[in-house]
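Trainee: Chains as they are written, first to last, in this note's numbering: chain A, 1 to 125; chain B, 1001 to 1372. C-beta: ideal position from N, C-alpha, C; glycine also. This one's a predicted model, so the numbers in the text were calculated from it and none came from an experiment. Following this message is one structure expressed as structure tokens.
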């Protein structure tokens, strides 16, 4: 599996796009989606709510388990992916594209986000 | 995590070549899924699926008093099982608590194969060995003597027919006969844990890969896919089949689990647990304990084992198994609930899903029954 070079990654397996006008897109990585198995329910943060880097902001439920969703950055949620709410399997079929989870207006981002190569090394260990 | 290395089945290398996600199941490194567990589940419901179940624990009981021993050691009437037939039964403690649920195959007049859950195989072996004292019968640990491959789903008879001359049409549900499949000697049993028609093939481990590959090839044209334990769990849950450690435990008698029918008081001779089970039977009739029911979610959140079942702000039961049902398209669960709330359609029942009370409909089990 390949992690898109233009994204940055958290150790909790979220990805973050390059911000446009201060707003970036967040999703989970293909590695995380594969580890979860078929996602059947996505509880995403509410639009307008504040999320904090490294803290839970929702949950993803698969056949076997429930996993917390962490925000990779601090900021305000501007949009959630309603397509994923209606069809959570998008997280498995297109984790880096149609399976994105929410958009956030970044107030602060942690210094320890990983590049694609660093994230690949992180998941290989 | 246990520090003991995981045991690997004879098909281990094959699973890895198929890129299976593996999981620790009762000390065995088993395939959890190969691709999407939902797709694997639906393949078994509509076409066919291939499972490695070599973790299951086979115990052979032989000798002139094999039938008497099993009638004493287990709660069912095993002496009445005809040669070539199988029986679902249980082994209980003297206090009636369930040690394991089992399938017993009568291979010959004086030879039975007992198949125990992997997690309980040693307990069952020890109990049978202990209970064999005084009987002219031998209990043999055959866990390493067999690999077990199951082919399940509506296409499974057609797939198997390509590989064997055995009379599959004459092989009824819960029957087993020795035969040859793909040139390999096998015990062919029409049993399963999916709610579909299907077969379980007990073979020597050194033949497992050849058999798996032959089945894969024979099923390629009709949509047979390899299936992991994840979909096996959702398949059995939809079919309302109990799983030891979830619906069954030493804290429950068969009557508490709604499975009192497996206890045969009318059989000849004493059996372990008889007295306690008599009491449990009348208790269940006069003052019913919690009842095992089905729950179907109105929403999309999945109930998990251990979650509280609630009604009117009170805890009225506990979820024992829960999963998203691929067939129903909704989350489902099995739960023990107080008898007052156990009737199908009882209003106001919910499950506490991590602090939120989600509404659930009480239904009769099973959730799914195949069209015959």
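Is the CB-CB distance between residue 1244 of chain B and residue 1100 of chain B below 8 Å?
Mentor: Their beta carbons are under 8 Å apart, which means residue 1244 of chain B touches residue 1100 of chain B by this criterion.
Trainee: Does chain A have any CB closer than 8 Å to the CB of residue 1037 of chain B?
Mentor: Closer than 8 Å: yes.
Trainee: Quick check: the Cα distance between residue 1238 of chain B and residue 1358 of chain B, rounded to an integer number of angstroms?
Mentor: Answer to the nearest angstrom: the Cα atoms are 20 Å apart.
Trainee: Who pairs with residue 1290 of chain B in a beta bridge, going by DSSP?
Mentor: Paired residue(s): none; residue 1290 of chain B is not in a bridge.
Trainee: Along chain B, in chain order, which residues have C-beta atoms closer than 7 Å to that of residue 37 of chain A?
Mentor: Simply 1033, 1037, 1230.
Trainee: Compare the C-alpha of residue 958 of chain B against each of B:1285, B:1028, B:1207, B:1022 and name the closest.
Mentor: The shown model of chain B, from 1001 to 1372, leaves out residue 958 of chain B, and the question about it has no answer.
Trainee: Identify, in the order they occur along the chain, each residue of the same chain with its Cβ nearer than 7 Å to the Cβ of residue 123 of chain A, setting aside the five sequence neighbours on each side.
Mentor: Hits under 7 Å: 31.
Trainee: Tell me, please, whether the CB atom of residue 1359 of chain B is closer than 8 Å to any CB atom in chain A?
Mentor: So no, residue 1359 of chain B is outside the interface.
Trainee: Report yes or no: is there a C-beta of chain A within less than 8 Å of the C-beta of residue 1001 of chain B?
Mentor: Bear in mind that a pLDDT of 48 at residue 1001 of chain B, under 50, signals an unreliable position, so the number given afterwards is only what the model happens to contain. No, residue 1001 of chain B does not count as interfacial toward chain A.
Trainee: What residue range does the alpha helix (DSSP H) around residue 84 of chain A cover?
Mentor: That run of the alpha helix (DSSP H) goes 82-86.
Trainee: Helix, strand or coil, according to DSSP, for residue 1085 of chain B in the structure here?
Mentor: Residue state, collapsed to three classes: strand.
Trainee: Starting from the C-beta of residue 1001 of chain B, find all residues in its chain whose C-beta is less than 6 Å away, skip the five residues before and the five after it, and write them out in chain order.
Mentor: In this prediction, residue 1001 of chain B has a pLDDT of 48, which is less than 50 and means its spatial position is unreliable; nothing more can be read from the coordinates.
Trainee: Would a C-beta distance cut-off of 8 Å place residue 1292 of chain B and residue 1336 of chain B closer than the cut-off?
Mentor: Yes, the pair counts as a contact, with Cβ atoms nearer than the cut-off.
Trainee: Would you say residue 29 of chain A reaches chain B, if we count a Cβ-Cβ gap shorter than 8 Å as a contact?
Mentor: Residue 29 of chain A does not count as touching chain B.
Trainee: If you draw a straight line from the C-alpha of residue 1121 of chain B to the C-alpha of residue 1056 of chain B, how long is it?
Mentor: Looking at the two C-alpha atoms, the distance is approximately 8 Å.
Trainee: Just to confirm the assignment, what range does the alpha helix (DSSP H) spanning residue 1227 of chain B have?
Mentor: From DSSP, residue 1227 of chain B is part of no alpha helix (DSSP H); its letter is neither H nor E.
Trainee: Tell me which residue opens and which closes the beta strand (DSSP E) that residue 1140 of chain B is part of.
Mentor: Counting along the chain, the beta strand (DSSP E) containing residue 1140 of chain B begins and ends at 1138-1141.
Trainee: Any residues in the segment 53-67 of chain A with a beta carbon nearer than 9 Å to a beta carbon of chain B? Which ones, in chain order?
Mentor: So the list reads 59, 61, 62, 63, 64, 65, 66, given in the order they occur along the chain.
Trainee: If you draw a straight line from the C-alpha of residue 1349 of chain B to the C-alpha of residue 1311 of chain B, how long is it?
Mentor: Residue 1349 of chain B and residue 1311 of chain B: Cα-Cα distance of roughly 5 Å.
Trainee: Looking only at its own chain, which residues have a Cβ that is under 6 Å from the Cβ of residue 1236 of chain B, when we skip the five neighbours before and after it?
Mentor: Hits under 6 Å: 1193.
Trainee: Among B:1300, B:1042, B:1016, which residue has its Cα nearest to the Cα of residue 1155 of chain B?
Mentor: Per the Cα distances, B:1042.
Trainee: In whole angstroms, what separates the C-alpha of residue 1285 of chain B from that of residue 100 of chain A?
Mentor: One C-alpha to the other measures close to 54 Å.
Trainee: Less than 8 Å between CB atoms is the rule here; does residue 1067 of chain B satisfy it with respect to chain A?
Mentor: No, residue 1067 of chain B does not count as interfacial toward chain A.
Trainee: So that I know if they touch, is there some Cβ in chain B lying closer than 8 Å to that of residue 119 of chain A?
Mentor: No - not a single Cβ of chain B is within 8 Å of the one on residue 119 of chain A.
Trainee: Roughly how far, in whole angstroms, is the beta-carbon of residue 1149 of chain B from the beta-carbon of residue 1048 of chain B, given that I think they are within contact range, below 8 Å?
Mentor: That pair is no contact at about 12 Å.
Trainee: Closest Cβ-Cβ distance between residue 1129 of chain B and chain A: below 8 Å?
Mentor: Residue 1129 of chain B does not count as touching chain A.
Trainee: In whole angstroms, give me the CA-to-CA distance for residue 1020 of chain B and residue 1288 of chain B.
Mentor: Roughly 44 Å between the two C-alpha positions.
Trainee: DSSP beta-bridge partners for residue 1212 of chain B?
Mentor: Looking at the DSSP assignment, residue 1212 of chain B forms no beta bridge with any residue, so it has no partner.
Trainee: Under 8 Å: do the segment 1308-1322 of chain B and the segment 36-54 of chain A share three or more Cβ pairs, one atom per stretch?
Mentor: Result no; under three Cβ-Cβ pairs closer than 8 Å.
Trainee: Give a yes or no on whether the C-beta atoms belonging to residue 82 of chain A and residue 104 of chain A are separated by under 8 Å.
Mentor: No, they are not a contact pair.
Trainee: Report the neighbours of residue 1234 of chain B on chain A: residues whose CB is nearer than 7 Å to its CB, in chain order.
Mentor: Here the neighbours are 63.
Trainee: Where do the ends of the beta strand (DSSP E) carrying residue 10 of chain A lie?
Mentor: First-last for residue 10 of chain A: undefined, no H or E at that position.
Trainee: Residues of the segment 1317-1329 of chain B in Cβ contact with chain A at a cutoff of 8 Å, in chain order, please.
Mentor: Taking 8 Å as the Cβ-Cβ cut-off against chain A, the residues of the segment 1317-1329 of chain B that qualify are 1323, 1324.
Trainee: Name the chain B residues that come within less than 7 Å of residue 41 of chain A, Cβ to Cβ?
Mentor: Per Cβ cutoff of 7 Å: 1300, 1301, 1302.
Trainee: In the structure shown, what three-state DSSP assignment does residue 1262 of chain B receive?
Mentor: If DSSP states are grouped into helix, strand and coil, residue 1262 of chain B belongs with the helices.
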